[in-house]
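Shown next, in structure tokens, is the structure this report addresses.
Numbering (our numbering), first residue to last: -5 to 87.
Now the structure itself:
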């Protein structure tokens, strides 16, 4: 199943520099592993924001939730999920 996911990161202003760097390093490693596995085929930065649009390709809603809640930055994110369906006018079906 494909999902369009918007993730807005809201780190607390009082987060220490070392903890911030650790979170970001772990987030990058986790997200890149999911990309290599094919579960996160699209990742786009939203210019001017600490946010991204992503396309995730997972088996079901439960796997999506597990994947998202495993993100190290998950506690600091506002996430909007939109399930996607094939459009009947798409060429190459």
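Where a beta carbon is used, it is the ideal one built from N, C-alpha and C, also for glycine.
Rounded to the nearest whole angstrom, the CA to CA distance from residue 73 to residue 36 is 16 angstroms. Counting only runs of 3 or more residues that sit fully inside the segment -5 to 25, the beta strand (DSSP E) segments are -4 to 3, in chain order.
Non-local C-beta neighbours of residue 28 in its own chain, meaning closer than 7 angstroms and more than five positions away in sequence, comprise 34, 61, ordered along the chain. Of the other Cβ atoms in all chains shown, fewer than 16 fall within 10 Å of the Cβ of residue -5; this residue is therefore exposed. Taking residue 64 as the centre and dropping the five residues before and after it, the same chain places the C-beta of 24 closer than 7 angstroms to its C-beta, in chain order. By the 16-neighbour rule on beta-carbons within 10 angstroms, residue 48 is buried. For residue 21, the CB contacts under 8 angstroms within the same chain, skipping 5 residues up- and downstream, are 65, 66, 67 in chain order.
In this structure, residue 78 sits away from residue -1, with a CB-CB distance that is not shorter than 8 angstroms.
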